[in-house]
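Novice: For the protein sequence lines, the chains are A, B and C, in the order given. Counted the way the numbering used here counts, the first sequence spans residues 6 to 296. Counted the way the numbering used here counts, the second sequence spans residues 748 to 1093. Counted the way the numbering used here counts, the third sequence spans residues 18 to 341. Don't be surprised by glycine CBs; every beta carbon is placed ideally from N, CA and C.
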Amino acid sequence: MSTLAFRMRARRRGGTTRPAWRQPLAVAGGVIAIAWLVVAIFAPFIAPHDPLAQTFTPAQSPSGAHLFGTDELGRDVLSRVIYGARVSVPIALLLVSLAALIGGLVGGLAGYFRGIVDGISMRTVDLVFAFPPIILAMVVAAVLGRGLRNAALAIVVVAWPSYARVVRGLVLSVGDTEYVESARLLGASARRTLFRDVLPNVAGPVFVLATLDLANAILLLSGLSFLGLGAQPPQAEWGSMVANGAQYFQWWWMGTFPGLAIFTAVLAFNFLGDSLRDFFDPQTSWGGDER
Amino acid sequence: MASDNVPLNGEGPALELRDVEVVYERRGRERVRAVAGASLTVERGQIVGLVGESGCGKSSLARASVGLVPAAGGSVLFESREVTPLTRRARPRELARLQMVFQNPYSSLNPRRRIGSQLADALDVLDLAAPRERRARVEELLDLVGLPASAAARYPHQFSGGQRQRIAVARALAADPSVLVLDEPLASLDASAQAQVANLLVDLSRRLSLSLLLISHDLAIVRHVADVVSVMYLGVMVETGPARSLWSLPLHPYTEALIGAVPHPDGSGFLPEALPGEVPDPAHPPAACRFHPRCPYAFDRCSKETPVTLAIESERTVACWLQAGGSPPARPGERPQPLPLLHAEE
Amino acid sequence: MTALLEVEGLRVRLPTPRGFATVVDGIDYHVEPAQVFGVAGESGSGKTMSMLALLGLLPPGAVVEGRAAFGGKDLLRLRGRELRAVSGRDIGMVFQDPMTSLHPMLTIGQQLTEHMRRHLGLGRRAAGDRAVELLDQVRIPGPRSALHAYPHQFSGGMRQRIAIAIALACGPRLLIADEPTTALDVTVQAGILRLLDRLRREHDLSVVLITHDLAVMSSIADRISIFYAGRVVESGRRDELLRRPRHPYTRALLDALPHPEAARDTPLVAIKGAPPSPQQIPPGCRYHPRCPYAIEVCTMDDPPLVPTDGRRLACHVDPFADGE
């Protein structure tokens, strides 16, 4: 009966498509993600204090004056979490775009030229995939030297292969569809069909992957900073704040609030990515409407 | 429509396939000869039906005839010009007048582009209409296939299967073709949509002097559409003839079986005949006559010698030992046992 | 003869982004034992939905009204486990595409015995023996070795035979076959039709055959209902209905088909336009916008399905009443 269940799901999707914005998880993800973006952009206006100013009594628990408390050096944790968004969110956006660009280019070339280009690039991808991402990122970051920029570069190195693989697969499968063959028979060159017919059908899935990857990137970046390979003190960064908080367990607020920041941002982008996946699904948006 | 004056450049038929072979080779697998030397001629303005069960190689032959797969042997001539296989470059301009329509109207249109933009592709690539005239030409094409001009602004999923198939035909017509190869254009459609598209094809062929190679598994509908029918079995042609005489007097046992399998919508409760067995694996075709293991009339010569293609009367050909005696054509079942012939030869 | 399945006033409404769409709108029919009941119509006429409703397989949110008496129970009132007990055991279902209705990763034997062991409580050996028997019944060559094979090792026709064997596994009294031959070659289709005919004769199986192809219908259906846009427009005995169609739609469906016995090259006659979508059902007779015989009353009053000369017919005009 499992196959039947599958048929029914396909049927339902074809019949009653709900717009993405009607799904509660999509709405939640979108709202939280936008909130973090706004916080990142307007941090100086939102943050009640200077994130670096060591002007308060150290290690105060959360109160009306300091909603998230203060850390061991007397800095306001709320302000540091808010400024932390300025590090994590834009860098994640930037490095995911870079990874998607590099991966998309490599995958596109592999799928378009096939043959030896395909072989070489896909073996490279396999090579990167053979390592656990955090380990590889650590190695790269350690080799390049500590610091936020190198940590971001390390993540790009780990992240591009998944785009290469997805784009290559899509270019290959879309390239073999009958509508591409029809266009070729009408006299369109392979390059023209690549831009007119193939890539637009590849864009959706890549966009979904990139959204989901934003969550990964935030997590990896925080992870590297947690390990001391990313942001350096005194910069306010979520991962290093968690690491710092872990040393002062009795002052739970120091690690918990930046941890929650990571948690909500990652969850938001995951929700958003999943909803986008449904939105771009051929079954829901443009296929199967048989009548 | 600038089609009433089809330029007859070159001599010879519109499309000519001579001993075409299509071979698929995959690493780690056996070589498969999907088409094992098939010949077929489409005269100018003619509708030729190509019929056979799935797995007989008719789709491979269709793809080879437009250059989507290379022919491993033999030749494909479009208006006496060699059809070269498709490469990464744009297809030679001379071949643009040889077009193809695919079976599945759900996958043969780009789901993300408007109909109008897809129809205008050929006009743009081939420079068949100035940019400002394209819109009018697109509407003209839609009108040709019986769709309203408003269809241009819509996406493929907004149409039914039959309508999409008509759009696919319109897209092929955009290149101003003289030959259309249609791979099972009716198979995925309802009976009523089938009749609409079939009538449209006949009408277009007559009005635009289009030659059609219509591939189908349904001999009953092909008979209504085609002038000439070729029957293919396991990569080879077994019989060719005018649609009418082929239907009323099939000469090859396989043709007879195909006709016998057609159900009759007359309410009589007639149960069609099933052909025993299955189409064999083309990687391991039976020796000699490829049909002999399923043939009800097979005798020992059929498993020993490959039948030659004989011309019967003026317009018919058949490859069957039963018809090889020089006697007048007859249904395989009505023919007396061909044993004397066999003795005469041995 | 008492009917095996008796459906009355079946109405199915499906949720869409713009409210409910009525895809089946008040349908009555009955299926008699050891008979093939044919449901014909174009795609989108509600023929498949009307069957899925009986098995509780409609998409979530669908609303079903009416009554479907089967073995002393009303199928439309059964829920969950109860329904599965009846539908899994006493009703078998075969779909159009044998490529997707079989599980690609399980052997034929696993798929065949799964239901038998669950619904009939058979042991492994007994289920295996029965599976071989079933494969033999649907004429799969070498049934014992076929048990260990996977679906991709079979051709389309063989897969459809296997799908039928699976549907028959628990000894159902009713088989619902939704376009079982549409994806197949005519030569293979003939074999499947003969198989269904034999099952009906030798095993007293009742079959509901859903197809758009009246030629297929003509070979094995005993009685036929013609569906159009969620309604039955004509129903009756096969020979009556196909030899002397009375509804313009039935007539049009027949004229669209190639006639193997036509002496001359009669052209195929296509029906104008396309069937309406469930959201845009025309007023009056649903067929009137496509009907060449429509008169004014057709645009206003929906004709009821009434007994007419040994059949039931829903047409104001009845243009072929005098035989013609």
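Just to confirm the assignment, what range does the alpha helix (DSSP H) spanning Ser230(A) have?
Specialist: Here residue 230(A) corresponds to residue number 225 of the first sequence, with the count starting at 1. Ser230(A) -> alpha helix (DSSP H) spans Leu204 to Phe231.
Novice: Return the chain-ordered list of same chain residues with a C-beta closer than 6 Å to the C-beta of Trp41(A), the five sequence neighbours on each side being excluded.
Specialist: As a first step, residue 41(A) is located in the first sequence; it is residue number 36 there, counting from the start. Excluding positions up to five away in sequence, the list reads Ala90, Val94 and Ala270.
Novice: Between Asn206(A) and chain B, is the shortest Cβ-Cβ distance under 9 Å, so that the two count as touching?
Specialist: Taking the first sequence and counting its residues from 1, one reaches residue 206(A) at position 201. With 9 Å as the cut-off, Asn206(A) counts as an interface residue toward chain B.
Novice: Could you tell me if His204(C) is buried or exposed, where buried requires 16 or more neighbouring beta carbons within 10 angstroms of its beta carbon?
Specialist: Position 187 of the third sequence holds residue 204(C). It should be pointed out that residue 204(C) corresponds to Thr in this sequence rather than to His. By the neighbour-count rule (16 or more Cβ atoms within 10 Å), Thr204(C) is buried.
Novice: Counting contacts by CB-CB distance shorter than 9 Å, is His220(C) in contact with chain B?
Specialist: The residue labelled residue 220(C) in the question sits at position 203 within the third sequence. His220(C) does not count as touching chain B.
Novice: Contact check, Leu277(A) vs Gly35(A) under 8 Å by CB: the rounded distance?
Specialist: Within the first sequence, the letter at position 272 stands for residue 277(A). Within the first sequence, the letter at position 30 stands for residue 35(A). That pair is a contact at about 6 Å.
Novice: Shortest alpha-carbon distance to Val130(A) belongs to which of Ala251(A), Gly244(A), Arg173(A) and Ala33(A)?
Specialist: Position 125 of the first sequence, counted from the first residue, corresponds to residue 130(A). When each option's Cα is compared against that of Val130(A), the closest is Arg173(A).
Novice: At the level of alpha carbons, what is the spacing between Leu231(C) and Leu271(C)?
Specialist: Translated into positions along the third sequence, residue 231(C) becomes position 214. Translated into positions along the third sequence, residue 271(C) becomes position 254. Near 7 Å, if we compare the C-alpha coordinates of Leu271(C) and Leu231(C).
Novice: Just reading off the alpha helix (DSSP H) that Ala967(B) is part of, what are its end residues?
Specialist: Stepping through the second sequence from its first residue, residue 967(B) is reached at position 220. Ala967(B) -> alpha helix (DSSP H) spans Leu966 to Val972.
Novice: Can you tell me the Cβ-Cβ gap for Gln865(B) and Leu856(B), rounded? I've got them flagged as a contact below 8 Å.
Specialist: Locating residue 865(B) in the second sequence gives position 118, counting from the first residue. Locating residue 856(B) in the second sequence gives position 109, counting from the first residue. Confirmed, about 6 Å.
Novice: Would you list, in chain order, the members of the stretch 221-251 of chain C that have their beta-carbon closer than 8 Å to a beta-carbon of chain B?
Specialist: Under the 8 Å Cβ criterion, the stretch 221-251 of chain C contributes His229, Asp230, Leu231, Ala232, Val233, Met234, Ser235, Ser236 and Ile237.
Novice: In this structure, how does DSSP classify Met133(C) when only helix, strand and coil are distinguished?
Specialist: Locating residue 133(C) in the third sequence gives position 116, where the first residue counts as 1. Here Met133(C) sits in helix by DSSP.
Novice: Taking the alpha helix (DSSP H) that His47(C) belongs to, which residues open and close that run?
Specialist: Indexing the third sequence from 1 puts residue 47(C) at position 30. Counting along the chain, His47(C) falls outside any alpha helix (DSSP H), though it belongs to the beta strand (DSSP E) covering Gly36 to Val48.
Novice: My understanding is that Val161(A) touches Ala241(A), with C-beta atoms under 8 Å, so please give their C-beta distance in whole angstroms.
Specialist: Looking up residue 161(A) in the first sequence gives position 156. Looking up residue 241(A) in the first sequence gives position 236. In fact, because the Cβ distance is near 23 Å, the residues do not count as touching under 8 Å.
Novice: If the criterion is Cβ atoms closer than 9 Å, does the pair Leu152(C) and Ile125(C) meet it?
Specialist: Locating residue 152(C) in the third sequence gives position 135, counting from the first residue. Locating residue 125(C) in the third sequence gives position 108, counting from the first residue. The answer is yes: Cβ separation under 9 Å.
Novice: Could you tell me which chain B residues have their CB closer than 9 Å to the CB of Leu258(C), listed as they occur along the chain?
Specialist: The residue labelled residue 258(C) in the question sits at position 241 within the third sequence. Chain B residues near Leu258(C): Gly1014.
Novice: Tell me which residues of the stretch 881-908 of chain B have at least one Cβ-Cβ distance to chain C shorter than 8 Å, keeping chain order.
Specialist: Taking 8 Å as the Cβ-Cβ cut-off against chain C, the residues of the stretch 881-908 of chain B that qualify are Ser907 and Gly908.
Novice: Which same chain residues, not among the five before or five after Gly1024(B), have their C-beta less than 6 Å away from its C-beta?
Specialist: One-based indexing of the second sequence puts residue 1024(B) at position 277. Around Gly1024(B): Arg1041.
Novice: Determine the closest residue to Ala97(A) out of Ala251(A), Phe285(A), Met259(A) and Gly235(A), with distance taken between C-alpha atoms.
Specialist: Residue 97(A) sits at position 92 when you count from the first residue of the first sequence. It is Gly235(A) whose Cα lies nearest to the Cα of Ala97(A).
Novice: Counting only C-beta atoms, is Arg173(A) closer than 9 Å to chain B at any point?
Specialist: For the purposes of this step, residue 173(A) is taken as the residue at position 168 of the first sequence. With 9 Å as the cut-off, Arg173(A) does not count as an interface residue toward chain B.
Novice: If we ignore side chains and look at the alpha-carbon of each, how far apart do Phe212(A) and Val145(A) end up?
Specialist: The residue you call residue 212(A) lines up with position 207 of the first sequence. The residue you call residue 145(A) lines up with position 140 of the first sequence. So the alpha carbons of these two residues sit roughly 26 Å apart.
Novice: What are the complete alpha helix (DSSP H) segments, minimum 4 residues, inside the stretch 118-194 of chain A?
Specialist: Listed in chain order, the complete alpha helix (DSSP H) runs (minimum 4 residues) inside the stretch 118-194 of chain A are 120-134, 138-149, 153-180 and 183-190.
Novice: Ignoring anything shorter than 4 residues, give me the alpha helix (DSSP H) runs that lie fully in the stretch 103-129 of chain C, in order along the chain.
Specialist: The stretch 103-129 of chain C contains these whole alpha helix (DSSP H) runs: 115-118.
Novice: Using the DSSP secondary-structure output, state which residues sit across from Arg765(B) in a beta bridge.
Specialist: As a position in the second sequence, residue 765(B) is number 18, starting the count at 1. DSSP, once it has assigned bridges, lists Ser822(B) as partnering Arg765(B).
Novice: Locate the beta strand (DSSP E) running through Phe1038(B), then write down its first and last residues.
Specialist: Your numbering for residue 1038(B) matches position 291 in the second sequence. Looking at the DSSP string, Phe1038(B) is not in any beta strand (DSSP E), and its letter there is neither H nor E.
Novice: Taking only beta-carbon atoms, is Arg282(A) less than 9 Å away from chain B?
Specialist: The residue given as residue 282(A) occupies position 277 in the first sequence. Closer than 9 Å: no.
Novice: Quick check on Met317(C): buried or exposed, where buried means 16 or more other Cβ atoms within 10 Å of its Cβ?
Specialist: As a first step, residue 317(C) is located in the third sequence; it is residue number 300 there, counting from the start. Classification of Met317(C): exposed, given that the 10 Å Cβ count is below 16.
Novice: How many Å lie between Arg170(A) and Gly108(A) at the Cα?
Specialist: Numbered from its first residue, the first sequence carries residue 170(A) at position 165. Numbered from its first residue, the first sequence carries residue 108(A) at position 103. Whole-angstrom Cα-Cα distance: 8 Å.
Novice: Closer than 7 Å by beta-carbon distance: list the chain C residues that pair up with Arg970(B), in chain order.
Specialist: Taking the first residue of the second sequence as 1, we reach residue 970(B) at position 223. Residues of chain C passing the Cβ test: Pro275.
Novice: Compare the C-beta of Ala781(B) against all C-beta atoms of chain A and say whether one is closer than 9 Å.
Specialist: Along the second sequence, read from residue 1 onward, the residue named residue 781(B) stands at position 34. Not one chain A Cβ lies under 9 Å of Ala781(B).
Novice: Does chain A have any CB closer than 9 Å to the CB of Gln710(B)?
Specialist: The structure shown does not extend to residue 710(B), since chain B is modelled only from 748 to 1093, so the question has no answer here.
Novice: Here's the rule I'm using: 16 or more other beta-carbon atoms within 10 Å means buried, otherwise exposed. How should Ile350(C) be labelled?
Specialist: Outside the modelled stretch of chain C, which goes from 18 to 341, sits residue 350(C), for which no answer is possible.
Novice: Using a Cβ-Cβ cutoff of 8 Å, what residues of the stretch 181-212 of chain C are near chain B? List them in chain order.
Specialist: Taking 8 Å as the Cβ-Cβ cut-off against chain B, the residues of the stretch 181-212 of chain C that qualify are Asp202, Val203, Thr204, Val205, Gln206, Ala207, Gly208, Leu210 and Arg211.
Novice: Pick from Leu204(A), Gly244(A) and Phe134(A): whose alpha carbon is nearest that of Val92(A)?
Specialist: If you number the first sequence from 1, residue 92(A) lands on position 87. Comparing Cα-Cα distances from Val92(A) to each of Leu204(A), Gly244(A) and Phe134(A), the minimum goes to Gly244(A).
Novice: For a contact defined as C-beta to C-beta under 9 Å, what are the partners of Val872(B) on chain A?
Specialist: Against the second sequence, residue 872(B) aligns to sequence position 125. The contacting residues are Ala188, Leu191, Gly192, Ala193, Ser194 and Arg197.
Novice: Can you confirm whether the stretch 968-976 of chain B touches the stretch 771-778 of chain B when touching is taken to mean that 3 or more C-beta pairs between the two stretches lie within less than 8 Å?
Specialist: In short, these stretches do not touch, since the Cβ pair count stays below three.
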